[in-house]
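According to this note's numbering, the sequence shown holds residues 658 to 868 in order.
So the structure is just underneath, and the comments pick up after that.
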Amino acid sequence: MKKQILTTLLLMLISSKCLAQDGAIIGYIKDSLFHPLVCFADGRLTAAPDTNKSMIPSWVKNVFHATDLRFNLSDPVKYINYYGVDTTGYYGKVAPSTPDESGNYYANLETPLKYLELQNREQIIFSFYQFFSEDKWGRHFIPKKLLDQTIDEISKQSNVVVHYITDLDSDSKYELWISYKVLYGKSGNMIYGQTGKTGWDSISNQCFMCD
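In structure tokens, the structure reads:
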């Protein structure tokens with residue numbers, strides 16, 4: 658009982674932070690559905706709680722590119738058995754429907770977020786691929802033998818694609834915005850944050866209806 662109360666209070670705290678004046682809900686569009694991935698407030702990213710209905714904004718735009726195009730979202734829709742486990746959450750329907758845009762990111766932000774075009778971009782991405790090849794889950798995507806290839810070849814052969822590099826809180830530690838594919842063509846999106854020269858932590862990871 659105590660654990661349930663503490664979990665509820667934590668979700669309320671995260672949600673109130675996400676919905677602060679400078680807060681935004683960032684997610685991706687897949688099959689004309691908007692899936693919240695992270696909350697962005699005070700320059701920081703935190704995972705968006707699945708169970709909070711208020712995580713669904715009324716509209717979203719592209720996070721990293723200036724555009725006037727808004728996608729309006731319907732009222733939140735409840736899903737069941739997300740990831741094949743017994744849990745529930747919410748997504749928003751895009752109205753009108755739009756083609757699959759799962760490789761991009763969308764949010765209720767008027768001004769696009771800045772991503773970095775770094776000289777050491779290849780080293781940063783390779784650092785993540787190296788870390789991921791040693792991760793219990795990631796090694797299924799990136800076997801060690803792939804690390805002998807260029808990052809473009811690793812990306813192509815593993816289907817783990819780093820789309821953007823950011824440093825939203827200006828702490829010289831980077832965030833990677835990534836999409837990936839699993840068997841049968843199912844695609845997912847994840848965001849990892851750098852914890853050191855070679856360390857990375859998962860901020861959020863979703864693959865809707867993946868096994």
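Beta carbons are placed, not taken as given, at the ideal position from N, Cα and C, and that holds for glycine.
- For Q787, the enclosing alpha helix (DSSP H) has its first and last residue at 778 to 791.
- Nearest C-alpha to Y849 among V839, I860, N709: I860.
- In this structure the segment 717 to 736 does not touch the segment 783 to 794; the number of beta carbon pairs closer than 8 angstroms is below three.
- A direct Cα-Cα distance of roughly 11 angstroms separates G749 from K687.
- In the DSSP assignment, G845 forms a beta bridge with Y837.
- If you look at D858, you'll find it in the beta strand (DSSP E) that goes 857 to 863.
- Within the DSSP secondary-structure output, P693 pairs in a beta bridge with G684.
- If you draw a 10 Å sphere on the C-beta of H722, you find fewer than 16 other C-beta atoms in it, and that means exposed.
- Closest option to A764, judged by alpha-carbon separation, among G853, S754, G684, K854: G684.
- Contact annotation: G700 and L825 have beta-carbon atoms nearer than 8 angstroms.
- For E767, the closest alpha carbon among the candidates L702, V734, P733, A681 is that of A681.
- Within its own chain, the residues whose Cβ lies closer than 6 angstroms to the Cβ of I835, once the five positions on either side in sequence are excluded, are V819, M847, listed in chain order.
- CA-CA distance, D805 to I799, rounds to 11 angstroms.
- Counting only the Cα atoms, F697 lies some 7 angstroms from T703.
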